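Peer 1: I'd like to ask some things about the structure below.
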């Protein structure tokens, strides 16, 4: 993990701002043992799942309340020191790295469910609650929260990166599912955005401005989410295909016909192999779609029949149905473990993840050429995709000690992103920009739009203390 | 309509900024006859469906292109003169009024569908396209755009106010259905926000910042929207109820059970009477729900059966089904005409509309007490509601010449808004803040959040030329 020299050439120029001892003393006075300067703690908070290595933060504050977050920000701001919010550390894009120095505010102890309103299908949580914890704690209500990035991420982190996952094709992303927030701003002030009403035209949509702002505009301390009734019937299936193209064309047709499929995930043959090894499964090692249908028993049956017809037109075969909750859990756990299965397939490797998302009609164009390029490169990779949304991920598995592998992987990534942008898509469907996609964002959005983001950032955080150096250079 | 003295006392203090003759000359030089200073044109652009009267704008520019909008903004900005975008003039909240003077930019001639991408379920339009025009022009694709405020509003205006309508309970609002924008900023620069990808985590969500910003941050010149496949089966029904409460409790249960109803609209007995008179219908003059179900034939049947069971538990009877497209159109036209039917029921009146939206479990609490209050006031009113969203509208029908009627109506409105806020709701579900709800917004969002909006506005529009004096005082 200690390869800063090598990482630095791929990072924007780093200016480490000084963290004066007076700040650390003030934090220790305020937070006692909840402010740690131990190297092991700082290092744990100074990395994420990205490939970058930079010096860790100077201190870590373990916040337990909104007041803690506010006080920590106020103290840091007085000293012009950056503040980086930390949930579980599952970012893929370098969001958590102290590229300009500073302190980490760990919100993982703010992990209470504050209010469940089953009669309104809403829940209010603290930011350190993880998605699995949330679903466990609301189980008795008959409701669930559908957004599921691969990791058991924190709701705060998921909101900050506008995350999604396998259910987004039907239930939307964090963009659609965060109703309201409590946010501590760059000045330490506590504001509320939104209400529990389902819709509102009450002024600027600060909720959605904060969602996806990657900690650069404030730290979320309460998050109100939409919930959904557990479907009366759920049915999941695996279908194998003779080629990735056949699986993709099946998906395109499912979406274009407006079938309200709840999940439709692509896994390529290679990745099925990795998952089989990792999770001791015996899935057919061919490109496959994992699908799930939600609705009434009759509705689910109807959807499944239509999808089977479409799949068989494209040579899809070997439909295997998972009807019990246990079978379904096993299936989706396998999918969610694809990333870890891949990482373990090449010991010591790191994954450079792509995250393009294109209009559904362009999915085959975007994906198939990129598969050819990846195969030709010789770099091992995994390929999984929320293909119903036009979103997929290559994970190029590189040896972090070999700069040339990273260069090859980044070159593949560049080609893929530029292809996606040409096709009317985005460089990131769900991971966020962080450090890794700043150049791509500029290409995608244009300097005018990025300047507008920068202007908003400067206005709301004039000292540039909130997670600086992410999304855009500043 | 000429009662400025009387209107002024309910408006925030107005500072009419000077429009120098040099600006008008420059606009005439650039736009020729497309810049009008005729009183009748200015007056038409200086009012909307709100109760306010203020002096009209000094000139109206009829824009036909993005370059026209950009040039008009640049010229106005050079002279520090406000710019107010105008679509069809159907705002209910004073959005279009030149409270600080200035010029109106009429985008109604920018009414082209720029790109239909049926295979991706998207369409890109100019801001002057109206919702009915859009649905007419895409009819052959088998797709439709569901958002339907009462008026045949422009897509630009609907985006600017974060509008919704009867289909929002299933399809969401403009918040969920605008994918991307081209915007001319306060400096006249043209930027793009978003792409045609279904989801994205690419930086700040400028699209949603613009949606609902009421023309205060820029003028939208291209709007990319989501479309939906026309449902295979549609079925609509009217059901009469012994009381408003019975209708409301039926709605709450429908939503809490997760039935994917496409429309569920409340009309009170009074309003049914007005609609019958206006549209020569013979609907039962009792509180009623108008409902619509979208899906497969089996799915629609299933939904309808469940809803009928729920309704009958609450005494709902006389289910009348509209199965042909003609019957359905007649039904929904009646609903959409409720506003105009009510206005005609009291010649010369103006409507003061409420727009609260509360969590669904609070709907009965919010609505029923307000009905009692309205009945006791003696002011005639209509009552319609997108009750599936927890959103409803009283329209208090007042004589604009009688200040005491307005005061009584505004007092009712105040009570209702404060009740909604106490119940976790919002002062405006879909109409926007405009002039009318600035105080309510402050109560709802708090001064911290409104200050954040103001800070963003100041940063993006330092000369305060974009529709100033709306949403918040500035």
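Residue numbers (the working numbering), protein chains in the order written: chain Y, 1 to 474; chain C, 1001 to 1474.
The C-beta atom is built at its ideal place from N, Cα and C for all residues, glycine as well.
All values derive from a computational prediction rather than experimental measurement.
1. Along the beta strand (DSSP E) that carries residue 1106 of chain C, what are the first and last residues, could you check?
2. By the 10 Å Cβ neighbour count, where 16 or more other Cβ atoms means buried, how is residue 470 of chain Y classified, buried or exposed?
3. Would residue 332 of chain Y be called buried (16 or more neighbouring beta carbons within 10 Å of its own) or exposed?
4. From residue 1373 of chain C to residue 308 of chain Y, what distance separates their C-alpha atoms?
5. For residue 1256 of chain C, go through chain Y and note every residue whose CB falls closer than 9 angstroms to its CB, in chain order.
6. Bridge partners of residue 229 of chain Y, per DSSP?
7. Scan the stretch 1263-1299 of chain C and note each continuous beta strand (DSSP E) run of 3 residues or more that stays entirely inside, going in chain order.
8. List the DSSP bridge partners of residue 382 of chain Y.
9. For a cutoff of 8 angstroms on Cβ pairs, would you count residue 414 of chain Y as touching chain C?
10. Mapping DSSP to helix, strand and coil, what is residue 407 of chain Y?
11. Please list the partners that residue 1211 of chain C has in chain D, where partner means a Cβ-to-Cβ separation under 8 angstroms.
12. Check the Cβ of residue 453 of chain Y against every Cβ in chain C and list those closer than 8 angstroms, keeping chain order.
13. How big is the Cα-Cα spacing for residue 1201 of chain C and residue 210 of chain Y?
14. In chain C, which residues lie with their C-beta within 8 angstroms of the C-beta of residue 88 of chain Y?
15. Which word fits residue 32 of chain Y, buried or exposed, when buried means at least 16 other C-beta atoms lie within 10 angstroms of its C-beta?
16. Does any CB atom of chain Y fall closer than 8 angstroms to the CB of residue 1368 of chain C?
17. Closer than 7 angstroms, Cβ to any Cβ of chain C: which residues of the stretch 334-367 of chain Y, in chain order?
18. Hey, does residue 1430 of chain C have any beta-carbon neighbour from chain Y nearer than 8 angstroms?
19. Round the Cβ separation of residue 1015 of chain C and residue 1104 of chain C to the nearest angstrom and send it over; I've been treating them as touching at under 8 angstroms.
20. Since residue 449 of chain Y meets chain C, which of its residues come closer than 7 angstroms, beta carbon to beta carbon?
21. In the DSSP assignment, find the alpha helix (DSSP H) that holds residue 1085 of chain C and state where it starts and stops.
22. In chain Y, which residues lie less than 9 angstroms from residue 1305 of chain C when you measure between Cβ atoms?
23. Which runs of the alpha helix (DSSP H) at least 4 residues long sit entirely within the stretch 1405-1443 of chain C? Give them in chain order.
24. For residue 1336 of chain C and residue 1150 of chain C, I'd like the C-alpha separation in whole angstroms.
25. For the alpha helix (DSSP H) holding residue 1069 of chain C, just list the boundary residues, first then last.
26. Based on the DSSP output, what are the partners of residue 1535 of chain C in its beta bridges?
27. Roughly how many whole angstroms lie between the Cα atoms of residue 1051 of chain C and residue 303 of chain Y?
28. Would you call residue 402 of chain Y buried or exposed, if buried means 16 or more other Cβ atoms sit within 10 Å of its Cβ?
29. Spatial neighbours of residue 474 of chain Y within its chain, please: CB distance less than 7 angstroms, with the 5 preceding and 5 following residues excluded, ordered by chain position.
30. For residue 1020 of chain C and residue 1079 of chain C, I'd like the C-alpha separation in whole angstroms.
31. Between the Cα of residue 1479 of chain C and the Cα atoms of C:1239, C:1334, C:1365 and C:1356, which residue gives the shortest distance?
32. Let me see if you follow: with CB-CB separation under 8 angstroms, is residue 1244 of chain C close to chain Y or not?
33. Distance cutoff 8 angstroms, beta carbons only. Does residue 1459 of chain C sit that close to anything in chain Y?
34. Using a Cβ-Cβ distance cut-off of 8 angstroms, determine whether residue 1446 of chain C contacts chain Y.
35. Going by Cα to Cα distance, which pick from Y:394, Y:261 and Y:386 is closest to residue 233 of chain Y?
36. Chain C partners of residue 473 of chain Y, CB-CB under 9 angstroms?
Peer 2: Inspection of the coordinates gives the following:
1. Here residue 1106 of chain C refers to the residue found at position 106 when the second chain is read from its first residue. Its beta strand (DSSP E) spans residues 1103-1106.
2. To locate residue 470 of chain Y, count along the first chain from 1; it is residue 470. Residue 470 of chain Y comes out buried.
3. In the first chain, the residue the question calls residue 332 of chain Y occupies position 332. That one is buried.
4. Position 373 of the second chain, counting from 1, holds the residue named residue 1373 of chain C. Position 308 of the first chain, counting from 1, holds the residue named residue 308 of chain Y. One C-alpha to the other measures close to 57 angstroms.
5. If you number the second chain from 1, residue 1256 of chain C lands on position 256. Those within 9 angstroms of residue 1256 of chain C in chain Y are 118, 119, 120, 121 and 229.
6. Indexing the first chain from 1 puts residue 229 of chain Y at position 229. Answer by DSSP bridge pairing, in chain order: Y:143.
7. 1263-1267 and 1288-1295
8. Position 382 of the first chain, counted from the start, is the residue given in the question as residue 382 of chain Y. Y:395, per the DSSP bridge assignment.
9. Along the first chain, one-based indexing puts residue 414 of chain Y at 414. Judged by the 8 angstroms Cβ criterion, residue 414 of chain Y is not in contact with chain C.
10. By one-based count along the first chain, residue 407 of chain Y stands at place 407. Three-state DSSP puts residue 407 of chain Y in a helix.
11. Of the protein chains in the structure, Y and C, none is chain D.
12. By one-based count along the first chain, residue 453 of chain Y stands at place 453. Within 8 angstroms Cβ-Cβ: 1203, 1204 and 1206.
13. What you label residue 1201 of chain C is simply residue 201 of the second chain in a count that begins at 1. What you label residue 210 of chain Y is simply residue 210 of the first chain in a count that begins at 1. Their Cα atoms are separated by approximately 12 angstroms.
14. In the first chain, the residue the question calls residue 88 of chain Y occupies position 88. The premise fails here: residue 88 of chain Y is roughly 18 angstroms from chain C at the closest Cβ pair, so nothing lies under 8 angstroms.
15. Position 32 of the first chain, counting from 1, holds the residue named residue 32 of chain Y. Residue 32 of chain Y is exposed by the Cβ-count criterion.
16. Position 368 of the second chain, counting from 1, holds the residue named residue 1368 of chain C. Chain Y, which has no Cβ nearer than 8 angstroms to the Cβ of residue 1368 of chain C, makes this no.
17. 357, 358, 359, 360 and 361
18. Numbered from its first residue, the second chain carries residue 1430 of chain C at position 430. Chain Y, which has a Cβ nearer than 8 angstroms to the Cβ of residue 1430 of chain C, makes this yes.
19. Walking along the second chain from the start, residue 1015 of chain C turns up at place 15. Walking along the second chain from the start, residue 1104 of chain C turns up at place 104. Incorrect: roughly 18 angstroms between the Cβ atoms, too far for contact.
20. As a first step, residue 449 of chain Y is located in the first chain; it is residue number 449 there, counting from the start. By Cβ distance, chain C contributes 1191, 1192, 1193 and 1206.
21. For the purposes of this step, residue 1085 of chain C is taken as residue 85 along the second chain, with counting starting at 1. Taken as a continuous stretch (DSSP letters only), residue 1085 of chain C belongs to no alpha helix (DSSP H), being part of the beta strand (DSSP E) at 1083-1086.
22. Counted from its first residue, the second chain places residue 1305 of chain C at position 305. Neighbours of residue 1305 of chain C on chain Y: none; closest Cβ ~11 angstroms, over 9 angstroms.
23. none
24. Taking the first residue of the second chain as position 1, residue 1336 of chain C is located at position 336. Taking the first residue of the second chain as position 1, residue 1150 of chain C is located at position 150. In a straight line, the C-alpha of residue 1336 of chain C is about 5 angstroms away from that of residue 1150 of chain C.
25. Mapped onto the second chain, residue 1069 of chain C falls at position 69. Counting along the chain, the alpha helix (DSSP H) containing residue 1069 of chain C begins and ends at 1066-1078.
26. Beyond the ends of chain C as shown, which are 1001 and 1474, falls residue 1535 of chain C; an answer cannot be given.
27. Taking the first residue of the second chain as 1, we reach residue 1051 of chain C at position 51. Taking the first residue of the first chain as 1, we reach residue 303 of chain Y at position 303. Roughly 50 angstroms separates the two Cα atoms.
28. Here residue 402 of chain Y refers to the residue found at position 402 of the first chain. Exposed, since its Cβ has fewer than 16 Cβ neighbours within 10 Å.
29. Residue 474 of chain Y sits at position 474 when you count from the first residue of the first chain. Closer than 7 angstroms at Cβ, skipping near neighbours: 454, 457, 464 and 468.
30. Counting from one through the second chain, the residue named residue 1020 of chain C turns up at place 20. Counting from one through the second chain, the residue named residue 1079 of chain C turns up at place 79. Whole-angstrom Cα-Cα distance: 7 angstroms.
31. Nothing can be reported for residue 1479 of chain C, as the shown portion of chain C is limited to 1001 through 1474.
32. Taking the first residue of the second chain as 1, we reach residue 1244 of chain C at position 244. Taking Cβ atoms only, chain Y never reaches closer than 8 angstroms to residue 1244 of chain C, which makes this a no.
33. If you number the second chain from 1, residue 1459 of chain C lands on position 459. Yes - at least one Cβ of chain Y is within 8 angstroms of the one on residue 1459 of chain C.
34. For the purposes of this step, residue 1446 of chain C is identified with residue 446 of the second chain, where counting begins at 1. True, the Cβ-Cβ gap to chain Y drops below 8 angstroms.
35. Taking the first chain and counting its residues from 1, the one referred to as residue 233 of chain Y is at position 233. The residue with the shortest Cα to Cα distance from residue 233 of chain Y is Y:261.
36. Locating residue 473 of chain Y in the first chain gives position 473, counting from the first residue. Correct list: empty, because the minimum Cβ distance to chain C is about 12 angstroms.
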